[in-house]
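Below is one structure, written out as structure tokens; comments come after it.
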Amino acid sequence: MVKSSAAYALSLLLLAGLSAPAHAGARTSVKTTYYSISGTTGMDLFRDMNRKGPRHAFMKKAMAQTQYRTMPRGKMIWKNGMCSVQDGGYSLDLTYVYPKPASRLSGRLAANWKAFMADTYRHEKVHGRLAMEMANKLDSTLRRFRMKDSRTCGHALSRLSGQINAIYAEYKKRQVAFDVAEHRKGGKVEKSVLLLVKE
114 MVKSSAAYAL SLLLLAGLSA PAHAGARTSV KTTYYSISGT TGMDLFRDMN
164 RKGPRHAFMK KAMAQTQYRT MPRGKMIWKN GMCSVQDGGY SLDLTYVYPK
214 PASRLSGRLA ANWKAFMADT YRHEKVHGRL AMEMANKLDS TLRRFRMKDS
264 RTCGHALSRL SGQINAIYAE YKKRQVAFDV AEHRKGGKVE KSVLLLVKE
């Protein structure tokens with residue numbers, strides 16, 4: 114599952130003049146956190162994940178989650194009839210959230226858990242890769258933007274905002290499509306869960 118927090122207030126940030134040194138590619142920070150679960154069977158662990166996992170929708174929990182936040186930086190400037198973003202770029206904060214048994218597992222349950230988590234890591238890493246691709250595309254768009262406009266750069270800012278929002282929409286669609294494919298009946302997530310809960 115994926116949860117995003119995008120800085121959509123692009124116009125406010127740019128007009129406020131929040132700037133930073135030039136940087137090639139999105140500035141990305143990645144961390145991993147865990148929440149504790151308990152159980153003596155695969156079904157116990159599955160149920161505890163459904164109780165304690167990170168929230169991904171109203172009254173719903175995810176077993177694992179990729180959380181990310183994107184933040185633009187830069188200042189829209191006018192020079193020689195052209196508007197561009199000085200020191201423009203994007204930052205990405207990426208956090209993977211995974212379950213972790215409170216006590217050591219053994220035997221078949223340990224083997225099933227290991228297989229379950231291997232697929233869980235695979236799934237979340239795809240969400241993370243898509244988030245990084247999006248952040249780099251946002252970063253490149255901001256740094257390369259140039260448009261002929263008046264000194265207020267009003268039209269330029271409007272066009273840039275449209276380009277940025279289109280990128281967010283594109284990658285949101287890709288993230289959702291990936292989850293739909295993975296969570297479909299008989300899909301990889303279902304197979305992974307069945308492997309965990311089988312006795």
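Mapped onto the numbering used here, the consecutive letters of the sequence shown carry residue numbers 114 to 312.
Cβ coordinates follow ideal geometry from the N, Cα and C atoms, glycine included.
DSSP beta-bridge partners for S219?
In the DSSP output, where bridge partners are listed per residue, S219 has none listed.
I need the DSSP call for G299, collapsed to helix, strand or coil.
coil
What is the DSSP secondary structure of S274, counted as helix, strand or coil?
helix
Under 8 Å between the Cβ atoms of T233 and S305?
yes
Taking the continuous alpha helix (DSSP H) assigned at M156, which residues delimit it?
155-165
Of all the options D161, R160, L218, Y281, which has the alpha carbon lying nearest to the alpha carbon of K250?
Y281
On a CA-only basis, which of R217, K192, P214, G241 is nearest T179? Give me that one, please.
G241
Should the stretch 256-273 be regarded as contacting the stretch 209-217, the criterion being three or more beta carbon pairs within less than 8 Å?
no
If you check the beta carbons only, do S117 and Y181 fall under 8 Å apart?
yes
Could you tell me which whole beta strand (DSSP E) segments of length 3 or greater appear in the stretch 232-285?
259-261
With K144 and T208 assumed to form a contact (beta carbons below 8 Å), what rounded beta-carbon distance in angstroms separates them?
5 Å
Roughly how many angstroms lie between the CA atoms of K261 and L255, to the nearest whole one?
15 Å
Suppose you measure from the CA of S219 to the CA of G152; what does that come to, to the nearest Å?
12 Å
Between I190 and H169, what straight-line distance do the alpha-carbon atoms span, to the nearest angstrom?
39 Å
Which word fits H296, buried or exposed, when buried means at least 16 other C-beta atoms lie within 10 angstroms of its C-beta?
exposed
Please confirm whether L308 and L158 have their CB atoms less than 8 Å apart.
no
From R257 to A290, what distance separates their C-alpha atoms?
29 Å
Going along the chain, which residues of its own chain have a beta-carbon closer than 6 Å to the beta-carbon of R140, five neighbours each way excluded?
S204
DSSP three-state label for S142, please.
strand
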